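In what follows, a single structure is set out as structure tokens and then discussed.
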Amino acid sequence: VTSPAVPVDGVLGAARNPIVRWEWVADRPDELWARTIDHLQLTVTAVGVGLVLASLLAAVALRHRWTFTPITTFTAFLYTVPSIAAFAVLVPITGLTMLTAQIVLVSYTLLILVRNIVAGIDGVPAEVRAAADGMGFTPLRRVLTVELPLAAPVILAGVRVATVTTVSLVTIAGVIGFGGLGTYLIDGFQRSFYTPTTVGAALVVLLAVVLDVALHRLEVVVTPWARRRS
Amino acid sequence: VGEASVVSVLDPAATARWLTDGANWSGGASIPTRVAESLQVAGLAMGISLALALPTAVVLAHLRRGEVAASAVVNLGRAVPSVAVIGLVYPLSLRNGFGFDPLPILVALVLIGLPPIFANAYTAVRGVDPGIVDAARAMGHTEGSVLARVELPLAAPVILNGVKVAAVQVVATEPLRAFFGGPGLGTFIQLGYANRAAGDPQLLGGTVLVALLAAAVAGAFGVAERMLVPRRVRRFPGGPARPEPAADPAAAPAS
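Those protein sequences? They're chains A and B, same order as listed.
First residue of the first sequence? That's 1 in my numbering, and the numbers climb one at a time after it.
First residue of the second sequence? That's 231 in my numbering, and the numbers climb one at a time after it.
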């Protein structure tokens, strides 16, 4: 458990140790890999569950327009709670568990995802929708084969922001004991040993940038017409 | 660790007693001191972010240059998690004699402030109706005057909104500092979390204080907008439209 986080070895001892001690890294490739995968799993689970919930909320908001404002107001409220406080306050209720982490992480993905799904579907031209209806598409087929592909760029942009944000929030969760790469950050800090802190932080940045670039590539691949137009 | 004392640690009555206890409102580690410590570093970070992002964004947007580079910088800034920034800066800070506070949190908060300020200022100035800008030039305005007297006033609401989003995020992220040895409002959350098994009311109390401070900052910007932006600009058709929520470049959560 977190203790008052002042480095115990003192500032002078800390000032002498190197930024990265490479033998520490060489000693534990498996552990570094496992924690990176742990971090990735927490992120992907949260964005996946968030996407399912956000799709349901967006479907309700698109069908019944009046619910859009209350839904976005509520999700915007969830968004403004500082995450470190949200994790800390939930721990006494649901413990240092996957459930606690996911409640907070999923809550933070909802605002962006709901807004972007609704905006994406809203952006489909009415005549395209009418043409699909005129060709005898069932509503479900129209949504899946016409509206979703056309809304994909906006929805994927939302998924990208949500994913990068979640990588950051998982790190904060790690600082207060939920695992993932954040564990290295706080561990190195408390022992006044720079290597875990630096390596953990660098891996988090790397993970965020890799996911950002990968989702950007996905966006380009699923919307070939956008490239052709420009 | 037993998580048994749910009732006592999140008890609203105990939290209310802690929040209203006079002993918590005076002295070295009291609520007002902690708020002042938080606001100090948050204010400094906002000042640096504004000084870096605002002139750059406004001038680039006026010149209609650097769109790709600008959005790349903003995206990268968003992809780098603030805790990771603390982690990367603190060894450098200690080794160079700056100590573990406040340099690491300051750098992290400046990086949080930059993207929303830059993105909104750039989009806002860029989005001013080119017809209006040309009309101002035709009337004999110099480039500086076009920027200062036409583009900036019309862009003001969107710029202010970016500054507001940045300020709220900075205030909401600042408590992280306490988990890395620093002072400020986060100390209540950090100590309360460490003592949660003992039912420490500081955990919920500190959370309430941070949320109130963030709400107060947001409210202050609402007042500032009413005072700084003339009503006719707020409704002026040539100004850039407020971005739709989904497209709002400033939208991002509090860490």
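Note that beta-carbon positions come from the ideal geometry of N, C-alpha and C, so glycine has one too.
Fair warning: this is a prediction, and the values are worked out from it, not measured in the lab.
Cβ neighbour criterion (16 or more within 10 Å) applied to B/Gly258: exposed
Looking at the unbroken alpha helix (DSSP H) that takes in A/Gly200, where does it start and where does it end? Tyr194 to Val222
Beta-carbon gap between B/Ala454 and B/Leu390 smaller than 8 Å: yes
For B/Phe328, which three-state DSSP category applies? Of the three classes helix, strand and coil, the one that applies to B/Phe328 here is coil, per DSSP.
Please determine if the segment 49–69 of chain A and the segment 97–113 of chain A are in contact, where contact requires at least 3 C-beta pairs separated by less than 8 Å. yes
Does any residue of chain A bring its CB to less than 8 Å from the CB of B/Arg247? no
Does DSSP put A/Asn116 in a helix, a strand or coil? In this structure, A/Asn116 counts as helix in the three-state DSSP scheme.
On the CB-based measure, 16 or more other CB atoms within 10 Å of its CB, does A/His64 come out buried or exposed? exposed
Straight-line CA distance for B/Val319 to B/Leu339? 12 Å
Local conformation of B/Val319 per DSSP, three classes: DSSP, reduced to helix, strand and coil, places B/Val319 within a helical segment of the structure shown.
List, in order along the chain, the chain A residues whose C-beta lies closer than 7 Å to that of B/Arg426? What B/Arg426 touches in chain A: Val91 and Pro92.
According to the neighbour-count rule (16 or more other Cβ atoms, all chains shown, within 10 Å of its Cβ), is B/Asn326 buried or exposed? exposed
Do A/Val114 and A/Ala61 come within 8 Å of each other at the CB atom, strictly closer than that value? A/Val114 is positioned such that its CB atom lies closer than 8 Å to that of A/Ala61.
Contact list for A/Val175 against chain B, beta-carbon separation under 9 Å: Val313, Leu406, Phe409 and Phe410
For A/Gly200, return the contacting residues in chain B, with the cut-off set at a CB-CB distance below 7 Å. Gly317
Could you tell me the alpha carbon to alpha carbon distance between A/Gly174 and A/Leu96, rounded to whole angstroms? 10 Å
Let's see if you can read the secondary structure: which residues bound the alpha helix (DSSP H) around B/Gly452? Gln432 to Leu458
Flag A/Leu185 as yes if its beta-carbon sits less than 8 Å from any beta-carbon of chain B, otherwise no. yes
If you follow the alpha helix (DSSP H) that B/Met276 is part of, which residue opens it and which one closes it? Ile261 to Leu293
Assigned exposure category for B/Met276 - 16 Cβ within 10 Å defines buried: The residue in question, B/Met276, is buried, as its Cβ has 16 or more Cβ neighbours within 10 Å.
Beta carbon proximity, A/Gly182 to chain B, threshold 8 Å: yes
Considering Cα atoms alone, identify which of A/Val220, A/Arg217, A/Leu185 and A/Val164 is closest to A/Val44. A/Val164
Starting from the C-beta of B/Leu280, find all residues in its chain whose C-beta is less than 8 Å away, skip the five residues before and the five after it, and write them out in chain order. Gly343, Ile347 and Val393
Are the Cβ atoms of A/Thr171 and A/Val204 separated by less than 8 Å? Yes, they are a contact pair.
Mind pulling the chain A residues with CB within less than 7 Å of B/Val304? Neighbours of B/Val304 on chain A: none; closest Cβ ~12 Å, over 7 Å.
Determine the direct distance from the alpha carbon of A/Met135 to that of B/Val395, and round the result to whole angstroms. 46 Å
Name the chain A residues whose beta carbon is nearer than 8 Å to that of B/Ala444? Residues of chain A whose Cβ lies closer than 8 Å to the Cβ of B/Ala444 are, in chain order, Thr80 and Pro82.
Under the three-state reduction of DSSP, which class applies to B/His371: helix, strand or coil? coil
Quick one, which residues of the segment 157–172 of chain A are near chain B if we go by CB-CB under 8 Å, in chain order? Gly158, Val161, Val164, Thr165, Val167, Ser168, Leu169, Thr171 and Ile172
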